[in-house]
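This report refers to the structure that appears directly beneath it.
Number of protein chains: 2
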Amino acid sequence: MAERPQPLDQMKEQREHYLQLDPLGVAEELARLEAADRAKAFRLLKKQKAMAVFQLLDTAHQEELVSSLRDEQVLRLVQELDPDDRARLFDEMPAAVVRRLLAGLSPRERRLTAMLLGFPEESAGRIMSPKFIRLVPEMTVADALERVRRRGKDAETIYALPVTDEELRLVGAVELRDLLLAEPETRVGEIMNPEVRAVRVDEDQEKVARLIQAADLLALPVVDTENRLVGVVTVDDAMDVLGAEEEEDLARTGAAEPLGRPYFSASIFRLARSRATWLLLLAIAAILTVKVLSAFENTLESVVTLTLFIPLLIGTGGNAGAQSATTIVRSMALDDIRPGDLVRVILREGRVGLLLGTMLGGLSFVPVWIFTDRALALVISLTLVTVCTLASLVGSLMPLLARRVGVDPAVVSAPFVSTIVDATGLLVYFLIARAVLGL
Amino acid sequence: MAERPQPLDQMKEQREHYLQLDPLGVAEELARLEAADRAKAFRLLKKQKAMAVFQLLDTAHQEELVSSLRDEQVLRLVQELDPDDRARLFDEMPAAVVRRLLAGLSPRERRLTAMLLGFPEESAGRIMSPKFIRLVPEMTVADALERVRRRGKDAETIYALPVTDEELRLVGAVELRDLLLAEPETRVGEIMNPEVRAVRVDEDQEKVARLIQAADLLALPVVDTENRLVGVVTVDDAMDVLGAEEEEDLARTGAAEPLGRPYFSASIFRLARSRATWLLLLAIAAILTVKVLSAFENTLESVVTLTLFIPLLIGTGGNAGAQSATTIVRSMALDDIRPGDLVRVILREGRVGLLLGTMLGGLSFVPVWIFTDRALALVISLTLVTVCTLASLVGSLMPLLARRVGVDPAVVSAPFVSTIVDATGLLVYFLIARAVLGL
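Protein sequences appear in the order of chains A and B.
Taken in order, the first sequence gives residues 1 to 439; the numbers are from our numbering.
Taken in order, the second sequence gives residues 1 to 439; the numbers are from our numbering.
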């Protein structure tokens with residue numbers, strides 16, 4: 001959209017409007033504007049509010065604003081971010097800009113940010129906060145509370161507190177609630193939970209987030225290879241990770257890449273780009289179906305009626321395959337299905353597919369007989385049984401095999417499975433038709 | 001799976017094994033057992049551990065255990081649950097059992113649980129905790145901390161504290177962190193955030209959870225129609241809601257209903273049931289494609305080659321429709337797209353579809369020309385352009401219209417759109433073929 005001239009009184013009105021909203025309200029409104037209007041609107045905010053709003057924006061919008069505001073203002077905004085949010089933003093920006101911004105930070109913030117950027121993308125190290133409050137078991141509860149009061153302003157969370165020995169090795173954790181309810185002279189070692197879970201700094205971010213979700217944690221300690229505490233991942237970051245992973249899985253089940261930003265803030269071109277590769281690759285894979293049909297052109301010429309059921313049969317097979325693939329991919333993400341479960345899964349999915357195919361094959365026999373003839377009804381029913389079973393097997397096998405060869409199972413998702421099942425389904429259909437109809 | 005006799009030493013070994021695991025570890029192992037083995041394994045746990053494990057299990061597994069343990073043990077487990085978790089469990093159980101269990105609770109727990117069960121399903125009232133600590137603005141920070149210490153044991157959270165007036169009307173909120181860092185004689189009214197967000201007790205649970213996620217909250221106050229505080233929703237419950245909603249959306253995009261339990265804890269029959277209705281309904285909808293093809297049987301007989309491209313064309317149309325539907329449904333769930341945005345969305349999606357169709361149509365022209373002839377190449381290209389545009393329009397329009405008539409947009413998801421697009425795509429294909437080939 002072109003830049004629109006904005007009269008002064010309209011700007012004043014908008015400024016008044018933003019004064020009435022809380023920072024989240026402003027952030028929500030900004031997310032719905034077109035890119036050109038967003039920076040203009042952001043400039044209307046007062047300093048304090050601008051900071052609060054900036055922290056609540058998506059990384060994509062933060063990055064967009066950074067490239068359209070003055071350097072001095074950008075530096076102020078970036079200095080105020082938590083190191084993990086800052087690292088996420090820097091990831092999206094050109095290296096030259098990152099270097100300039102890093103140079104403008106205070107030495108401590110620069111050191112912390114550089115440390116996080118040193119960990120692999122999508123690892124625990126990238127989403128953790130290095131600003132934590134550490135307790136030791138020998139401390140009294142009164143000392144611990146005093147430490148929380150003294151350092152609480154700077155720490156990302158004070159509600160879940162890791163406990164370490166002198167060498168920074170994690171030995172337990174204590175919730176602020178337990179400190180507050182305990183007698184002041186009790187030792188931290190007596191009330192801490194020594195069975196605390198922790199993750200390694202190179203652990204996958206989705207695993208970290210799922211653990212926080214499953215165990216109802218407010219924060220999870222992150223340790224290095226020698227079990228030394230290096231940071232904590234907080235629940236709000238875990239929610240953001242799960243939101244992003246959810247968007248990715250859902251997008252791929254719908255044959256697209258995730259947008260990574262709100263719908264209206266993505267341009268038409270960006271929307272098309274997120275879909276083009278998938279659409280093209282799936283169309284190329286679908287050339288298989290043209291090949292199969294060419295091979296059976298003679299059969300089709302002699303019994304044109306066979307054509308009528310092609311979309312229904314491959315559609316049903318595609319759906320059965322999609323059902324299976326979606327269930328398996330999701331269960332693998334949740335760790336409900338593990339790599340060693342391959343045979344157990346295949347056996348289950350094969351039976352489910354057979355059950356569903358038998359149901360559909362049984363239900364379709366009489367109607368098809370009535371509208372065409374008995375031989376064709378038999379062909380359709382047998383094809384439905386076979387295709388549904390096959391589709392469930394392919395739909396479960398492909399994501400499992402993908403992981404074995406090191407590919408993200410979510411890539412081998414519903415639309416991909418459907419396309420493969422289309423071609424094999426056609427093959428099955430014509431082989432059964434030839435056998436039953438004696439062609 | 002049939003009950004297997006379990007030798008004593010094997011049981012002893014399993015008990016030892018569970019002693020080594022933390023409650024979450026035991027809960028994870030239990031979730032992977034077949035139903036019959038789960039209750040047996042659970043009985044091996046010591047009392048304290050059993051409670052902790054029970055609280056971490058899925059509602060589906062809790063319900064399963066409740067029906068296979070002794071009443072006395074069940075009552076102890078249920079009494080220890082938070083009222084919101086208890087309400088969720090009771091929802092899944094037969095009314096007679098619920099009455100018996102309610103009668104066994106302490107009067108206070110019974111009253112709180114009954115209150116939650118009185119709110120509509122999937123509302124804020126169902127997932128909130130009625131056990132909160134309330135502050136008033138006139139209190140000093142020292143008094144507030146004293147109240148937190150005194151009542152902290154029983155409250156679901158002490159980290160985010162709502163502030164109300166004498167009539168229980170919400171006037172603000174304060175984080176425990178701010179209390180702890182403030183001077184003891186400061187008034188709560190001076191440090192509280194008066195712009196606190198709250199939700200009505202009948203608000204949809206997904207909206208509540210998304211708000212907690214967007215604003216990085218630890219807890220969100222819930223109020224009645226007169227703005228009086230009745231509970232708080234905590235971040236761990238928000239994560240569970242988002243997990244469940246995610247499972248639902250993803251399952252439907254893959255043409256199935258959510259399982260609501262881990263993969264291996266669902267029987268073959270339950271797996272098949274979660275898919276059967278969708279598969280059957282979509283097959284019935286696909287009869288439309290048979291109808292369209294029957295209408296063009298003469299065309300097919302005269303140019304059999306047209307058949308070869310049917311799966312590729314409708315597959316591509318289906319994918320384009322799925323892409324659009326998945327994006328729109330997700331954006332509606334996130335409130336990025338609102339009901340009033342219908343025209344704006346249609347215009348965007350139409351252009352995206354046209355862009356994608358033009359790309360595919362352009363790329364396919366020369367290859368199809370080489371392998372068949374120029375007229376057919378023209379038919380295929382024109383069909384791709386039209387079908388992709390149409391599919392994007394249908395894919396975006398259907399979820400938007402669904403919400404207008406009060407249907408959950410997620411029901412009108414990718415597979416449903418694909419099936420509709422299949423039939424219209426065939427119609428377009430044959431009309432273009434007839435026109436171009438002069439049939």
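We treat Cβ as the ideally placed atom computed from N, Cα and C, and that holds for glycine.
Short CB-CB distance (under 8 Å) between B:Glu-297 and chain A: Residue numbering aside, residue 297 of chain B sits at position 297 when the second sequence is read from its first letter. At least one chain A Cβ lies under 8 Å of B:Glu-297.
Taking Cβ positions only, does A:Leu-429 come closer than 8 Å to chain B? Counting from one through the first sequence, the residue named residue 429 of chain A turns up at place 429. Going by the sequence as given, residue 429 of chain A is Tyr instead of Leu. For A:Tyr-429, the answer is no, since every Cβ of chain B falls outside 8 Å of its Cβ.
Mind listing the chain D neighbours of A:Lys-153? Cutoff is C-beta to C-beta under 8 Å, in chain order. Going by chain labels, chain D is absent from the structure shown, which instead holds the protein chains A and B.
Taking 8 Å as the CB-CB limit, is A:Glu-221 close to chain B? Indexing the first sequence from 1 puts residue 221 of chain A at position 221. Strictly speaking, residue 221 of chain A in this sequence is Pro, with Glu absent from that position. Interface residue (Cβ-Cβ distance to chain B less than 8 Å): A:Pro-221 is not classified as such.
How would you list, in chain order, the residues of chain A whose beta-carbon sits under 7 Å from the beta-carbon of B:Val-394? On the second sequence, position 394 is the one that residue 394 of chain B refers to. Within 7 Å Cβ-Cβ: nothing; B:Val-394 doesn't reach chain A, min ~14 Å.
Taking C-alpha atoms, which residue in B:Ser-129, B:Val-78, B:Asp-9 lies nearest to B:Leu-44? Counted from its first residue, the second sequence places residue 44 of chain B at position 44. It is B:Asp-9.
Round the Cβ separation of B:Glu-208 and B:Leu-220 to the nearest angstrom and send it over; I've been treating them as touching at under 8 Å. Mapped onto the second sequence, residue 208 of chain B falls at position 208. Mapped onto the second sequence, residue 220 of chain B falls at position 220. Note that residue 208 of chain B corresponds to Val in the displayed sequence, not to Glu. Indeed, because the Cβ distance is near 6 Å, the residues count as touching under 8 Å.
With a CB to CB cut of under 7 Å and the five nearest residues on each side skipped, what residues in its chain are close to A:Leu-179? In the first sequence, counting from the first residue as 1, residue 179 of chain A sits at position 179. Closer than 7 Å at the Cβ level, and outside the excluded window around A:Leu-179, lie Val-141, Ala-144, Leu-145.
I want to verify the contact list: residues of chain A whose CB lies under 8 Å from the CB of B:Phe-416, in sequence order. The residue given as residue 416 of chain B occupies position 416 in the second sequence. Simply none; closest approach about 10 Å.
Residues of chain A with a CB under 7 Å from the CB of B:Ile-337: which are they? As a working mapping, residue 337 of chain B is identified with position 337 in the second sequence. The contacting residues are Tyr-263.
Can you pull the DSSP bridge partners for B:Ala-175? Your numbering for residue 175 of chain B matches position 175 in the second sequence. First, the amino acid is wrong: residue 175 of chain B is Glu here, not Ala. B:Glu-175 pairs with B:Ala-160.
Name the DSSP beta bridge partners of A:Ser-123, please? Working through the first sequence from its first residue, we reach residue 123 of chain A at position 123. According to DSSP, A:Ser-123 bridges with A:Asp-204.
Judging by CA-CA distance, which residue of A:Ser-274, A:Leu-30, A:Leu-400 is the nearest neighbour of A:Arg-252? For the purposes of this step, residue 252 of chain A is taken as the residue at position 252 of the first sequence. Check the Cα spacing between A:Arg-252 and each of A:Ser-274, A:Leu-30, A:Leu-400: the tightest is with A:Ser-274.
Would you list the residues sitting across from B:Ala-441 in a DSSP beta bridge? What is shown of chain B runs 1 to 439, which leaves residue 441 of chain B out entirely.
If the criterion is Cβ atoms closer than 8 Å, does the pair B:Ser-302 and B:Leu-439 meet it? Here the question's residue 302 of chain B lines up with position 302 in the second sequence. Here the question's residue 439 of chain B lines up with position 439 in the second sequence. Less than 8 Å separates the beta-carbon of B:Ser-302 from that of B:Leu-439.
Can you check the segment 335 to 377 of chain A for any alpha helix (DSSP H) of at least 4 residues that lies completely inside it and give the ranges in chain order? Counting whole runs of 4 or more residues, the segment 335 to 377 of chain A contains the alpha helix (DSSP H) stretches 342 to 371.
In chain A, what lies closer than 7 Å to B:Tyr-159 by C-beta? The residue given as residue 159 of chain B occupies position 159 in the second sequence. Correct list: Tyr-159.
Mind listing the chain A neighbours of B:Ser-129? Cutoff is C-beta to C-beta under 8 Å, in chain order. On the second sequence, residue 129 of chain B is found 129 positions in, with the first residue counted as 1. Neighbours of B:Ser-129 on chain A: none; closest Cβ ~13 Å, over 8 Å.
Would you say B:Gln-323 reaches chain A, if we count a Cβ-Cβ gap shorter than 8 Å as a contact? Here residue 323 of chain B is taken as the residue at index 323 of the second sequence, counted from 1. Yes, B:Gln-323 lies at the interface with chain A (some Cβ there is under 8 Å from its Cβ).
For A:Val-417 versus A:Ala-325, is the C-beta distance shorter than 8 Å? One-based indexing of the first sequence puts residue 417 of chain A at position 417. One-based indexing of the first sequence puts residue 325 of chain A at position 325. Contact: yes.
Does the beta carbon of A:Thr-331 come closer than 8 Å to any beta carbon on chain B? On the first sequence, residue 331 of chain A is found 331 positions in, with the first residue counted as 1. Residue 331 of chain A is actually Ser in this sequence, not Thr. Closer than 8 Å: yes.
List, from N- to C-terminal side, the alpha helix (DSSP H) runs of 4 residues or more that fit wholly inside the segment 5 to 62 of chain B. For the segment 5 to 62 of chain B, whole alpha helix (DSSP H) runs of length 4 or above, ordered along the chain, are 8 to 20, 23 to 31, 35 to 42, 47 to 56.
Kindly give me the distance between the Cβ atoms of B:Ile-268 and A:Arg-338, rounded to whole angstroms, as I take these residues to be in contact under 8 Å. Counting from 1 along the second sequence, the entry for residue 268 of chain B is found at position 268. Counting from 1 along the first sequence, the entry for residue 338 of chain A is found at position 338. No, B:Ile-268 and A:Arg-338 are not in contact; Cβ-Cβ is about 19 Å, not under 8 Å.
B:Ile-268: contacting residues in chain A (beta-carbon distance under 8 Å): For the purposes of this step, residue 268 of chain B is identified with residue 268 of the second sequence, where counting begins at 1. Listed by position along chain A, the residues whose Cβ is nearer than 8 Å to that of B:Ile-268 are Arg-348, Arg-351, Val-352, Leu-355.
Just tell me which of B:Ala-377, B:Phe-54, B:Glu-245, B:Ile-191 has its CA closest to the CA of B:Gly-362. Taking the first residue of the second sequence as position 1, residue 362 of chain B is located at position 362. Measuring from the Cα of B:Gly-362, the nearest candidate turns out to be B:Ala-377.
Check whether chain A comes within 8 Å of B:Ile-432, counting only Cβ atoms and requiring the distance to be less than that. The residue you call residue 432 of chain B lines up with position 432 of the second sequence. Not an interface residue.
Could you name the residues of the segment 224 to 244 of chain B whose beta carbon sits closer than 8 Å to any beta carbon of chain A, in the order they occur along the chain? Residues passing the 8 Å Cβ filter: Val-235, Asp-236, Ala-238, Met-239, Asp-240, Leu-242, Gly-243.
Beta-carbon separation (whole angstroms), B:Ala-423 vs B:Val-292, contact threshold 8 Å: Translated into the one-based positions of the second sequence, residue 423 of chain B becomes position 423. Translated into the one-based positions of the second sequence, residue 292 of chain B becomes position 292. With a Cβ gap of about 5 Å, B:Ala-423 and B:Val-292 count as contacting.
Distance between A:Leu-334 and A:Arg-210 (C-alpha atoms, nearest Å): Position 210 of the first sequence, counting from 1, holds the residue named residue 210 of chain A. Position 334 of the first sequence, counting from 1, holds the residue named residue 334 of chain A. Each residue's Cα considered, the two are about 7 Å apart.
Would DSSP call B:Asn-298 helix, strand or coil? One-based indexing of the second sequence puts residue 298 of chain B at position 298. In the displayed model, B:Asn-298 falls within a helix according to three-state DSSP.
How long is the line joining the alpha carbons of B:Arg-434 and B:Thr-358, rounded to whole angstroms? For the purposes of this step, residue 434 of chain B is taken as the residue at position 434 of the second sequence. For the purposes of this step, residue 358 of chain B is taken as the residue at position 358 of the second sequence. Pairing B:Arg-434 with B:Thr-358, the inter-Cα distance amounts to about 21 Å.
Rounded to whole angstroms, what is the Cα-Cα separation between A:Glu-3 and B:Leu-24? Residue 3 of chain A sits at position 3 when you count from the first residue of the first sequence. Residue 24 of chain B sits at position 24 when you count from the first residue of the second sequence. Confidence is the limiting factor: at A:Glu-3 the pLDDT is only 47, short of 50, which leaves the residue's position unreliable, though a coordinate-based value still follows. Using only the alpha carbons, I get a separation of about 55 Å.
Determine the DSSP secondary structure at A:Arg-443, reduced to helix, strand or coil. One cannot answer for residue 443 of chain A here, as it falls past the ends of chain A, which runs 1 to 439.
Looking at chain B, is there any beta carbon in it that lies within less than 8 Å of the beta carbon of A:Gly-260? For this step, residue 260 of chain A is matched to residue 260 along the first sequence. Taking Cβ atoms only, chain B never reaches closer than 8 Å to A:Gly-260, which makes this a no.
I need the DSSP call for B:Asn-440, collapsed to helix, strand or coil. Since the first residue shown for chain B is 1 and the last is 439, residue 440 of chain B is missing from the structure and cannot be characterised.
Excluding the 5 residues preceding and the 5 following B:Val-448 in the sequence, name in chain order all residues of the same chain whose CB lies nearer than 6 Å to its CB. Outside the modelled stretch of chain B, which goes from 1 to 439, sits residue 448 of chain B, for which no answer is possible.
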